[in-house]
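All remarks here apply to the structure that follows.
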Amino acid sequence: MSETKLALVTGANKGIGYEIATGLGALGYRVGVGARDEARRESAVEKLRAAGVDAFGVPLDVTGDQSVTDAAKLIERRAGRLDVLVNNAGISGVTGPGWGQDPTTLDLDLVRTVVETNVIGVIRVTNAMLPLLRRSTSPRIVNVSSSVGSLTRQADPDIEIGPIMAAYAPSKSFLNAVTVQYARQFAGSDILINAACPGLVATDFTGFLGPRTPEQGAATAIRLATLPDGGPTGSFFEDDGVIPW
Ligand SMILES: NC(=O)c1ccc[n+]([C@@H]2O[C@H](COP(=O)([O-])OP(=O)(O)OC[C@H]3O[C@@H](n4cnc5c(N)ncnc54)[C@H](OP(=O)(O)O)[C@@H]3O)[C@@H](O)[C@H]2O)c1
1 MSETKLALVT GANKGIGYEI ATGLGALGYR VGVGARDEAR RESAVEKLRA AGVDAFGVPL
61 DVTGDQSVTD AAKLIERRAG RLDVLVNNAG ISGVTGPGWG QDPTTLDLDL VRTVVETNVI
121 GVIRVTNAML PLLRRSTSPR IVNVSSSVGS LTRQADPDIE IGPIMAAYAP SKSFLNAVTV
181 QYARQFAGSD ILINAACPGL VATDFTGFLG PRTPEQGAAT AIRLATLPDG GPTGSFFEDD
241 GVIPW
């Protein structure tokens, strides 16, 4: 089996995911560019290759059982194992102008869609990739979360955490809780799993309004994807260190 480490990044065709793929590629990882749209995926793979990254496309819609099963088969054929999984794909569920998601008038279908992508999608992809990750000597899983999912920060009136986002923020709290369950399950194994917050980043997701660049937003996820053996697991990080749950 090749010595080159293989990483899969979901939602890697643009934004923070694309920069995570770029950063891991620059560190010598071969990168599977997980993306659901063929044209966007191929254009990202082309750009990454032009930048010197050993990238290949992985058709992947995190909400689809068959899509995720097929993605695992593709990686099995290509490399026979997976070293790093970055669960980056996510949606805000914001539909109109402004960021607000008022809990008192929330569209239940919207909640289902956000949870299906941001939480169930992560479980679906992680479990499909686990047999491949278990073949790595140093498996790493990074769940791209958000500090808006921190219940501690939301409960502190002295912390400015932005608008009420009653579908998105709880989906990231749920993702954080799921990350802890995996960490407990993996205790005593080589698998390290952590959640990462990229900060407020200028991408499609924020209408390009965040103060941080996608490259800056990718940094914590890249650090967690490349943790040394014995590194932290079951924690939630941003650039400045640990975020309280
Ligand atoms: N930007 C921020 O300020 C910020 C802050 C905190 C956390 N985050 C988190 O960071 C992650 C990346 O966000 P971003 O800012 O880079 O957003 P983005 O530019 O909108 O990119 C999101 C990526 O996820 C993909 N995606 C969405 N649904 C998918 C699905 N069902 N299957 C596969 N891929 C799917 C998108 O693919 P398409 O191009 O096909 O739509 C796109 O590649 C998200 O998890 C987000 O919650 C972002």
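Here the sequence shown is numbered in UniProt numbering, starting from 1 and rising by one per residue. By construction, the Cβ of each residue, glycine as well, lies at the ideal position given by its N, Cα and C atoms.
For a test of your reading of the model: does the CB of Ser235 fall under 7 Å from any non-hydrogen atom of ligand 1? Yes or no.
Mapped onto the sequence shown, residue 235 falls at position 235. No, the Cβ of Ser235 stays beyond 7 Å of every heavy atom of ligand 1.
Are three or more beta carbon pairs between the region 208-222 and the region 170-189 nearer than 8 Å?
no
In angstroms with no decimal places, state the Cα-to-Cα distance between Leu108 and Val119.
Reading the sequence shown from its first residue, position 108 is the one you call residue 108. Reading the sequence shown from its first residue, position 119 is the one you call residue 119. Straight-line Cα distance between these residues: approximately 16 Å.
Entirely enclosed alpha helix (DSSP H) segments - the region 31-108, minimum 4 residues:
38-50 and 65-79
May I ask whether a heavy atom of ligand 1 can be found less than 7 Å away from the beta carbon of Lys14?
In the sequence shown, the residue the question calls residue 14 occupies position 14. Lys14 Cβ: within cutoff of ligand 1.
CA-to-CA distance, Arg134 to Ile191, given in whole angstroms
Mapped onto the sequence shown, residue 191 falls at position 191. Mapped onto the sequence shown, residue 134 falls at position 134. C-alpha separation (whole angstroms): 8 Å.
Since Pro157 contacts Trp99 with CB under 8 Å, what's their CB separation in whole angstroms?
Position 157 of the sequence shown, counted from the start, is the residue given in the question as residue 157. Position 99 of the sequence shown, counted from the start, is the residue given in the question as residue 99. Actually they are not in contact, since the Cβ atoms of Pro157 and Trp99 sit about 19 Å apart, beyond 8 Å.
Are there 16 or more other CB atoms within 10 angstroms of the CB of Asn194, so buried, or fewer, so exposed?
For the purposes of this step, residue 194 is taken as the residue at position 194 of the sequence shown. Of the residues assessed, Asn194 falls on the buried side of the cut-off, its CB having 16 or more other CB atoms within 10 angstroms.
Considering Cα atoms alone, identify which of Glu46, Arg41, Arg140 and Thr105 is closest to Gly231.
Looking up residue 231 in the sequence shown gives position 231. Of the listed residues, the one whose Cα sits closest to Gly231 is Arg140.
For Leu82, which residues in the same chain have their Cβ closer than 7 Å to its Cβ, ignoring the five residues on either side in sequence?
To locate residue 82, count along the sequence shown from 1; it is residue 82. So the qualifying residues of the chain are Leu6, Leu8, Ile75, Met129, Leu132, Leu133 and Ser136.
What are the boundary residues of the alpha helix (DSSP H) that Asn127 is part of?
Working through the sequence shown from its first residue, we reach residue 127 at position 127. Taken as a continuous stretch (DSSP letters only), the alpha helix (DSSP H) holding Asn127 covers Gly121 to Leu133.
Which value, in whole angstroms, describes the spacing of the CA atoms of Asn87 and Gly188?
On the sequence shown, residue 87 is found 87 positions in, with the first residue counted as 1. On the sequence shown, residue 188 is found 188 positions in, with the first residue counted as 1. The alpha-carbon atoms of Asn87 and Gly188 are separated by roughly 22 Å.
Any heavy atom of ligand 1 closer than 7 Å to the CB of Val119?
Position 119 of the sequence shown, counting from 1, holds the residue named residue 119. Here the distance from the Cβ of Val119 to the nearest heavy atom of ligand 1 is not below 7 Å.
Are there any heavy atoms of ligand 1 lying less than 7 Å away from the beta-carbon of Arg135, as far as the coordinates show?
Start at 1 with the first residue of the sequence shown, and residue 135 comes out as number 135. Result no, Cβ not under 7 Å from ligand 1.
Report the residue from Ala219, Gly207 and Gly96 whose alpha carbon sits nearest the alpha carbon of Val142.
Taking the first residue of the sequence shown as position 1, residue 142 is located at position 142. When each option's Cα is compared against that of Val142, the closest is Ala219.
From which residue to which residue does the beta strand (DSSP E) around Ala169 run?
Counted from its first residue, the sequence shown places residue 169 at position 169. Unbroken run through Ala169 is the alpha helix (DSSP H), Tyr168 to Gln185; no beta strand (DSSP E).
With the cut-off set at 8 Å, would you say Val125 and Thr10 are in Cβ contact?
Here residue 125 refers to the residue found at position 125 when the sequence shown is read from its first residue. Here residue 10 refers to the residue found at position 10 when the sequence shown is read from its first residue. Yes, the pair counts as a contact, with Cβ atoms nearer than the cut-off.
Endpoints, alpha helix (DSSP H) assigned at Ala219
Reading the sequence shown from its first residue, position 219 is the one you call residue 219. Its alpha helix (DSSP H) spans residues Pro214 to Ala225.
Start and end residues, beta strand (DSSP E) containing Leu6
By one-based count along the sequence shown, residue 6 stands at place 6. Unbroken beta strand (DSSP E) run through Leu6: Leu6 to Thr10.
Let me know the secondary structure DSSP gives Phe208 once reduced to three states.
Counted from its first residue, the sequence shown places residue 208 at position 208. Coil, per DSSP.
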